[in-house]
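Residues 2 to 512, numbered by this note's numbering, are exactly what the sequence shown covers, in order. All C-beta atoms in this analysis are idealised placements derived from N, C-alpha and C, irrespective of residue type, glycine included.
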Amino acid sequence: MATVAVKATAYCLNYASEIGLRYGTTPYQEYAAHPDSQFLKDLAAAAKPYEFAARYAPNLTYIGAMSTAELEAYPKPCLENLAAQVTRFGKYGEIMPEDEFLGLLDICDVFDLIWLEKSFAAATREKLAKHPLLTEAQLKLLEAGHEQAAIEAEAADNHALPLFINGVLVGCCRRGHDVDENLSAHVLLENLASKAGAVLSLMHLIKNAGLTPADIDFVVDCSEEAAGDINQRGGGNMAKAIAESAGCANASGFDLRAFCAAPVAAILASSGMVASGIRKNVAVVSGGSIPKLYMNAREHVKKNVPPMECCMGCFAVLLTPDDGASPVIRLDAVGKHSVGAGASPQAVTAALVFEPLQAAGLKFTDIDKYAPEMHDPEVTVPAGAGNVPEANFKMIAALAVMKGQLEKAAIPAFVKERGLHGFAPTQGHIPSGVPFLGHAIDAMQTGQLGRAMIIGKGSLFLGRLTNLADGASFIVEKPGLGAAAQESVSRSDVEAVILDVLGDLAKKLKE
């Protein structure tokens, strides 16, 4: 039975409130239609500073500064019960301030697209020089900066997007072509931000795994952005660009796109490469999405709820051959949402949960924790989308009842024991199960968890090419359990059995 080890994980948030206020899709479209709207004024007034985001319990859980059990017990609502102290770094990664993120954008820019104002560039260089992961070689890539007047002219005359900190112009993102909309400043800013976030997570992953950048031999990017020009829209390769900026000189890579299901699909594709022996150390990475910043802010502002869609979420996962000590992904029980599976919630849940459990010979109660879409409910409930994780857990429990594996009266206990409080930012692809993987690995290594199921779903209909949804899932379990506990059969064992059979056959022929 094929298994692949999950060696390490990393999760980071890039605080990007000012970018979001101007270039998140909801504010951006409002600026285009109604530049003087009251909504834009109210949103800017309601936006919370970095210190607020770095004291918000779901954000701290995302970067590993707080466990999922601690979040469960944390006083709710979290928005009204901020942590006592600002926390930047957690076990898995960090919450990077926006000024440093703009500096990282410039470091990851190899086509002189990002211009920073001279004094801002100098101040940011001093801050980034203290970062525990950035190397001298990377810091040398941060430009000396440009005059304020040059940046203003680039924005006014050449369609560059201005960049602000605390309302002050500190830089711009330039366009890459004068007529190709795929290389407009807006698209390039989205791509650079996604790349920079993924680079940050990949560096944290390498540190968390105790490796060097040279140890990574393949990178798979599963973000929502698509890099290309007019001749090959979305042609890629974001992954190799990420590997380059992270210093992974021995790595190659490719991109995988599947809307919100992409992270799970990318982990499965990468697991196949590792299990087959094609690759050894594969990093699955994803940067965040600028368009999703303040996506639901209109409802938040209307209901006087702090607009917390101010952080871009990113992550990285390292997959290696099964070493007998690390938690493993089982490749004999993978969930998929096939074309003919049906689009109802029940059909999707059956395809992604029941069918892989059945293939593995497991029951619903053999999974200790389920991790479907892990959206933060304090963001989605005011926006009218409801408590997304809870709805998924109830659907899983209801299906277990239908399959005769759970009593109806036991649904609340099932949801409480095997569910999770949502903590992921509303970044489209980011919440789909994968944020819990780091916490699951930790719990398995301490014996607190046996199995978890990671579930990703995708809205393919958004591309206007099909009405189908999509999804994928996998089971991860602690070493020594289930698939990992099965006795391995070596070549010598097989040869011994064959010789015994042949010996018995020879005796019978002589008789």
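Exercise. Comparing alpha-carbon positions, which option in Asp181, Asp100, Ala161 and Glu153 lies nearest Ala143?
Worked result: It should be pointed out that residue 143 corresponds to Leu in this sequence rather than to Ala. Checking every option, the nearest Cα to that of Leu143 belongs to Asp100.
For this session: Could you pull out every residue in the same chain whose Cβ sits closer than 6 Å to the Cβ of Glu127, ignoring the five residues on either side in sequence?
Result: none
Problem set entry | Residue ranges of each alpha helix (DSSP H) within the segment 229-295, 4 or longer | The qualifying runs are 239-246 and 263-277.
Problem set entry | Member of Gln446, Ile412, Ser460 and Ala344 whose CA lies at the smallest distance from the CA of Ser433 | Ser460
Problem set entry | N- and C-terminal bounds of the beta strand (DSSP E) containing Asn60 | No beta strand (DSSP E) contains Asn60, which is instead part of the alpha helix (DSSP H) from Ala58 to Tyr63.
For this session: Work out the CA separation of Tyr371 and Leu421 for me, nearest whole Å.
Result: 8 Å
Exercise. Quick one: what does DSSP say Glu95 is sitting in, helix, strand or coil?
Worked result: strand
Exercise. Ala9: buried (16+ other C-beta within 10 angstroms of its C-beta) or exposed?
Worked result: buried
Problem set entry | Assigned secondary structure, His147 (DSSP; H/G/I helix, E/B strand, else coil) | In this structure, His147 counts as strand in the three-state DSSP scheme.
Problem set entry | Identity of the residue in Glu73, Pro264, Arg465 and Ala47 nearest Phe424 by Cα | That would be Glu73, whose Cα lies nearest to the Cα of Phe424.
Exercise. Phe355 to Ala392, Cα distance in whole Å?
Worked result: 17 Å
For this session: Consult DSSP for Cys223 and reduce its assignment to one of helix, strand or coil.
Result: coil
For this session: Write down the C-beta distance between Met296 and Thr26 rounded to the nearest angstrom, noting that I regard them as a contact closer than 8 Å.
Result: 6 Å
Exercise. Can you give the Cα-Cα distance for Phe260 and Leu193, rounded to whole angstroms?
Worked result: 19 Å
For this session: Keeping to the same chain, check which residues put their C-beta closer than 7 Å to that of Gly172; ignore five residues upstream and five downstream.
Result: Leu103, Ile115, Trp116, Leu117, Glu118, Phe121, Ile152 and Leu164
Exercise. What number of angstroms, rounded off, separates the C-alpha of Ala85 from the C-alpha of Tyr12?
Worked result: 22 Å
For this session: Please report the residue range of the beta strand (DSSP E) in which Gly472 lies.
Result: For Gly472, the uninterrupted beta strand (DSSP E) segment begins and ends at Asp471 to Glu478.
Problem set entry | Start and end residues, beta strand (DSSP E) containing Gly457 | Arg452 to Gly459
Exercise. Just reading off the alpha helix (DSSP H) that Tyr371 is part of, what are its end residues?
Worked result: Here Tyr371 belongs to no alpha helix (DSSP H); instead the beta strand (DSSP E) covers Lys370 to Ala372.
Problem set entry | Contiguous alpha helix (DSSP H) assignments of at least 4 residues, all confined to the segment 134-205 | 137-140 and 149-158
Exercise. Where do the ends of the beta strand (DSSP E) carrying Gly387 lie?
Worked result: No beta strand (DSSP E) contains Gly387, which DSSP labels as neither H nor E.
For this session: Mark Phe112 as exposed unless 16 or more other C-beta atoms lie within 10 angstroms of its C-beta, in which case mark it buried.
Result: exposed
For this session: Can you say whether Gln359 is buried or exposed, counting buried as having 16 or more other CB atoms within 10 angstroms of its CB?
Result: With a threshold of 16 other beta carbon atoms within 10 Å, Gln359 falls short and is exposed.
Problem set entry | Distance, His35 Cα to Ser287 Cα | The straight-line gap separating the alpha-carbon atoms of Ser287 and His35 is approximately 33 Å.
Exercise. To which residues does DSSP link Val5 through a beta bridge?
Worked result: Pro322 and Ile330
Problem set entry | Which of helix, strand or coil DSSP assigns to Thr1 | Examination of residue 1 is not possible in this model, given that the chain is present from 2 through 512 alone.
For this session: If I'm right that Glu300 touches Gly385 with Cβ under 8 Å, what's the distance once you round it to whole angstroms?
Result: 6 Å
Problem set entry | Cα-Cα separation between Val335 and Ala197, rounded to whole angstroms | Rounded to the nearest whole angstrom, the CA to CA distance from Val335 to Ala197 is 31 Å.
Exercise. What does a CB cutoff of less than 6 Å around Met313 pick up in its chain, not counting 5 residues either side in sequence?
Worked result: Asn15, Ala17, Gly198 and Gly289
Problem set entry | Contact under 8 Å by Cβ, Val389 with Glu374 | yes
Exercise. How long is the line joining the alpha carbons of Ile20 and Val416, rounded to whole angstroms?
Worked result: 37 Å
For this session: Determine the direct distance from the alpha carbon of Ala54 to that of His178, and round the result to whole angstroms.
Result: 36 Å
Problem set entry | Contact set for Leu400: own chain, Cβ-Cβ below 7 Å, skip 5 residues either direction | Gln347, Thr350, Ala351, Val354 and Phe355
Exercise. Going by Cα to Cα distance, which pick from Gly405, Thr381, Phe365 and Pro383 is closest to Phe1?
Worked result: The structure shown has nothing for residue 1, since the chain only spans 2 to 512.
For this session: Following the continuous alpha helix (DSSP H) through Leu41, name the residue where it begins and the one where it ends.
Result: Gln39 to Ala47
Problem set entry | His205 versus Tyr93: straight-line alpha-carbon distance, rounded | 7 Å
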